[in-house]
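J.: In my numbering, the protein residues as written are 37 to 535. Yeah, the Cβ is synthetic: ideal placement off N, Cα and C, and Gly gets one too. All values derive from a computational prediction rather than experimental measurement. This structure is in structure tokens; I'll ask about it shortly.
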Amino acid sequence: MSRSTTTARSAVLLTVGALILSACAGAESAPSVDAAGTSASRSAGGAGAPAPSTPLGGAGSTVEPDAATSPTDTASASPSKAPATASSPAPSKTPTTTGAQLTAPSGTGTIRRVSTTAQLSAAISAAQPGDVIRVAAGTYSGRLSVMTSGTKAAPITIEPDGAVKVTLTASLPMPSCGATGPDENRTVTFLRGASWWTLKGVSIDGGVMVSARNANLASKWFSGRVAAGDWTSRRAIPGRGTNDPIAAKNALARLSQIVGATIVPSDGITLDAVTLTRKGLHVRASRYGLVRGSRIFDVACGTGPGIWLGNYSDGWTITGNQIGRIASSSYKHYMQEGIRIGGASSYAVVTGNTVTDLPGDGRAFTTDVDSSYNVFSHNTAQNVAIGFNEQMSGWGNVWEYNTVSTYRTAGFSVRMMDNVLKSPSKNSSSYGLLMRCNVASGGKDFQAGGMATGKLTSNSFGEIQLGSNLRAYFVSAGNTYNGAAVVPPTNPTPSLSGC
Numbered sequence: 037m038s039r040s041t042t043t044a045r046s047a048v049l050l051t052v053g054a055l056i057l058s059a060c061a062g063a064e065s066a067p068s069v070d071a072a073g074t075s076a077s078r079s080a081g082g083a084g085a086p087a088p089s090t091p092l093g094g095a096g097s098t099v100e101p102d103a104a105t106s107p108t109d110t111a112s113a114s115p116s117k118a119p120a121t122a123s124s125p126a127p128s129k130t131p132t133t134t135g136a137q138l139t140a141p142s143g144t145g146t147i148r149r150v151s152t153t154a155q156l157s158a159a160i161s162a163a164q165p166g167d168v169i170r171v172a173a174g175t176y177s178g179r180l181s182v183m184t185s186g187t188k189a190a191p192i193t194i195e196p197d198g199a200v201k202v203t204l205t206a207s208l209p210m211p212s213c214g215a216t217g218p219d220e221n222r223t224v225t226f227l228r229g230a231s232w233w234t235l236k237g238v239s240i241d242g243g244v245m246v247s248a249r250n251a252n253l254a255s256k257w258f259s260g261r262v263a264a265g266d267w268t269s270r271r272a273i274p275g276r277g278t279n280d281p282i283a284a285k286n287a288l289a290r291l292s293q294i295v296g297a298t299i300v301p302s303d304g305i306t307l308d309a310v311t312l313t314r315k316g317l318h319v320r321a322s323r324y325g326l327v328r329g330s331r332i333f334d335v336a337c338g339t340g341p342g343i344w345l346g347n348y349s350d351g352w353t354i355t356g357n358q359i360g361r362i363a364s365s366s367y368k369h370y371m372q373e374g375i376r377i378g379g380a381s382s383y384a385v386v387t388g389n390t391v392t393d394l395p396g397d398g399r400a401f402t403t404d405v406d407s408s409y410n411v412f413s414h415n416t417a418q419n420v421a422i423g424f425n426e427q428m429s430g431w432g433n434v435w436e437y438n439t440v441s442t443y444r445t446a447g448f449s450v451r452m453m454d455n456v457l458k459s460p461s462k463n464s465s466s467y468g469l470l471m472r473c474n475v476a477s478g479g480k481d482f483q484a485g486g487m488a489t490g491k492l493t494s495n496s497f498g499e500i501q502l503g504s505n506l507r508a509y510f511v512s513a514g515n516t517y518n519g520a521a522v523v524p525p526t527n528p529t530p531s532l533s534g535c
């Protein structure tokens, strides 16, 4: 397949994503069903992560733990050094927001200008589809909880009022470095089905949380099925057993029937040219979002990865972002990864991202526990433990045109824990993987422990390590190497021929 064909394919996949608005054997951790919030609080306020100092770049399997609904309190302190609000036309007849200046509708909504945290919070509460909330320069302190919605055709936008710097921050409890699940306490939270919002061009110290109503019920059911080894029930959820993004739209409806409560996702959340520090982005049972051109760095230990999609968060596009300096967790690797897609979250397009400088067992790009039919292309990883990591029961994932260097454990890794199995397992092994046109340099470029019907094609790998059992059944399980039903050599000649 030529590069042009692959590029076209990636473009199609990106379009689909938009249309549905869209390790060595001892190193990979076992499935975890630990609950979040079991660790003691470490500190409050802005401490917990070093202040940004240098630009980014340069030299197990886990079921997302259940989590309580994020806090909904909103502070009302004024921003530091906030300038006087810029003049604006006379207010329209749209109901006013406390202290906010309103501009006549532009396009489908109203421009709401704010210059204090109280005004910002009130504008968020009053916003209607198509509105734009423009925030004056300054630092705004206080949690912002969003529980209203725009529409797909008319999202609500929060952005700086001109070419100015806007920082949103909050005094947040900080978990211990040994926390076993993602921290739910974030500066900005989208809750209870709040959908179709865009955060554009702002800095957020304390991260973003996007969560469905009753996401914890989906997580609890899924965790139970994983613990029971019940892959058939898990794959019976629409869009999990076959590559069908249209059917996947009904996944949460089916789960709602199973758990006996309506799961209401917070869909269509966009982070565009945003900077996140101290905490990253965590998503639960919410779909079709976009993270584009953003920077996520200096994330405190015990809070979770830079980006974590969990609990059936389908159809996200993550493109052109820089992620790095995720502080080392004293628990397991999944708490310190760059981009993590797990908990049956599927149909993501992850392209053109750079993840660097992850200490300890930090892994740059990971899929885990039924995360399937995702595309990872043209991404770069550097100075990490593992660059690209497919863990438990990924089906139909595509890894192509990715590059990794300066890694400590492996460049690319596929389900190492299944090396103990004499044959692949649909409960835990990789199925239908496509690994093509990738580059790794540094030794142990590719390793795998359990896979079936996978294709390794035209990769620049100088060392390939397969588990002994996988080597024995590689061909009989339908795997191929460079288009042939043969076991790959341990030390192939690196080649991108055909890419």
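Please return the same chain residues whose Cβ sits closer than 6 Å to the Cβ of Pro395, not counting the five positions on each side in sequence.
T.: Ser364.
J.: Alpha helix (DSSP H) containing Gly346: first to last residue?
T.: From DSSP, Gly346 is part of no alpha helix (DSSP H) but of the beta strand (DSSP E) over Ile343 to Gly346.
J.: Please classify Asn495: is it buried, with 16 or more other beta-carbons within 10 angstroms of its beta-carbon, or exposed?
T.: Buried, since its Cβ has 16 or more Cβ neighbours within 10 Å.
J.: Whole angstroms are fine: how far does the CA of Ala190 sit from the CA of Pro165?
T.: So the alpha carbons of these two residues sit roughly 5 Å apart.
J.: How big is the Cα-Cα spacing for Glu499 and Val262?
T.: Spanning the two alpha carbons is a distance of roughly 33 Å.
J.: Between the C-alpha atoms of Asn419 and Thr392, what's the straight-line distance to the nearest angstrom?
T.: If I take the Cα positions, the gap works out to 6 Å.
J.: Among the residues of its own chain, which have a CB less than 6 Å from the CB of Tyr439, if the five just before and after it don't count?
T.: As written in the sequence, residue 439 is Thr, which differs from the Tyr given in the question. Contacts found: Thr416 and Val475.
J.: Just confirm the distance between the C-beta atoms of Arg276 and Asp406, as a whole number of angstroms; I'd bet it's less than 8 Å.
T.: The pair is a contact, with the Cβ atoms about 6 Å apart (cut-off 8 Å).
J.: Just to confirm, is the Cβ distance from Ile192 to Gly186 under 7 Å?
T.: In this structure, Gly186 lies closer than 7 Å to Ile192 by Cβ.
J.: Let me know if Asn389 comes out buried or exposed under the rule of 16 or more other beta-carbons within 10 Å of its beta-carbon.
T.: Its Cβ being crowded by 16 or more others within 10 Å, Asn389 is buried.
J.: Is Ser330 near Leu307, with beta carbons less than 7 Å apart?
T.: In contact: Ser330 and Leu307 (Cβ atoms closer than 7 Å).
J.: With distances taken between CB atoms, is the gap from Thr203 to Ser239 smaller than 7 Å?
T.: In contact: Thr203 and Ser239 (Cβ atoms closer than 7 Å).
J.: Could you check what DSSP says for Asn505 in three-state terms: helix, strand or coil?
T.: In the structure shown, Asn505 sits in a helix (DSSP, three-state: H, G or I).
J.: Within 10 angstroms of its Cβ, does Ser465 collect 16 or more other Cβ (buried), or is it exposed?
T.: By the 10 Å Cβ count, Ser465 comes out buried.
J.: Where do the ends of the beta strand (DSSP E) carrying Trp233 lie?
T.: Residues Trp233 to Lys236.
J.: Touching or not, the stretch 226–244 and the stretch 425–439, by the rule of three or more beta carbon pairs under 8 Å?
T.: The stretch 226–244 is not in contact with the stretch 425–439.
J.: Does Gln418 come out as helix, strand or coil in the three-state DSSP assignment?
T.: Gln418 falls in the strand class under three-state DSSP.
J.: Go ahead and label Ala289 buried or exposed: buried means 16 or more other beta carbons lie within 10 angstroms of its beta carbon, across all protein chains shown.
T.: The residue is exposed, with fewer than 16 neighbouring Cβ atoms inside 10 Å.
J.: Name, in chain order, the residues that DSSP records as bridge partners for Gly468.
T.: None; Gly468 has no bridge partner.
J.: Smallest Cα separation from Tyr348: which of Thr339, Asn252 and Cys213?
T.: It is Asn252.
J.: Would Glu436 and Cys473 qualify as a contact pair, given that the criterion is a beta-carbon distance under 7 Å?
T.: Contact: yes.
J.: Gln293 to Val523, Cα distance in whole Å?
T.: Their backbone Cα atoms lie some 45 Å apart in a straight line.
J.: Under three-state DSSP, which class holds Trp435?
T.: Strand, per DSSP.
J.: Alpha carbon to alpha carbon, how far is Ala421 from Gly519? Give it in angstroms, no decimals.
T.: Straight-line Cα distance between these residues: approximately 29 Å.
J.: For Ala158 versus Arg148, is the C-beta spacing smaller than 7 Å?
T.: Against a cut-off of 7 Å, the Cβ pair of Arg148 and Ala158 comes out as no contact.
J.: Can you list, in chain order, the residues of its chain with a C-beta nearer than 7 Å to that of Asp167? Leave out the 5 residues immediately preceding and following it.
T.: So the list reads Gly145, Thr146, Arg148 and Ile192, once near-sequence residues are dropped.
J.: Within 10 angstroms of the Cβ of Val456, are there 16 or more other Cβ atoms? Answer buried if so, exposed if not.
T.: Val456 is exposed by the Cβ-count criterion.
J.: Buried or exposed for Ser231, please, with buried defined as at least 16 other CB atoms from any protein chain shown within 10 angstroms of its CB.
T.: Looking at its Cβ environment, which holds 16 or more other Cβ atoms inside 10 Å, Ser231 is buried.
J.: Measure the alpha-carbon distance for Thr225 versus Val246 and round it to whole angstroms.
T.: Rounded to the nearest angstrom, the two C-alpha atoms are 6 Å apart.
J.: Relative to the alpha-carbon of Leu208, which residue among Met452, Arg179 and Leu470 has its alpha-carbon at the smallest distance?
T.: Selected option, being the one with the closest Cα: Arg179.
J.: Can you give the Cα-Cα distance for Ala162 and Met183, rounded to whole angstroms?
T.: Between Ala162 and Met183, the C-alpha separation is close to 10 Å.
J.: Who are the Cβ neighbours of Val295 in its own chain at under 6 Å, not counting the five residues just before and after it?
T.: Contacts found: Leu253 and Trp257.
J.: Distance, Cα to Cα, Ala513 vs Arg222?
T.: Each residue's alpha carbon lies about 45 Å from the other.
J.: Counting along the chain, where does the beta strand (DSSP E) carrying Ser181 start and finish?
T.: Counting along the chain, the beta strand (DSSP E) containing Ser181 begins and ends at Leu180 to Val182.
J.: So the candidates are Asn505, Arg444 and Tyr370; which of them puts its Cα closest to the Cα of Gly338?
T.: Ranking the options by Cα distance to Gly338, first place goes to Tyr370.
J.: With a CB to CB cut of under 7 Å and the five nearest residues on each side skipped, what residues in its chain are close to Asn527?
T.: Within the same chain, Asn527 has close Cβ partners Gly498 and Glu499.
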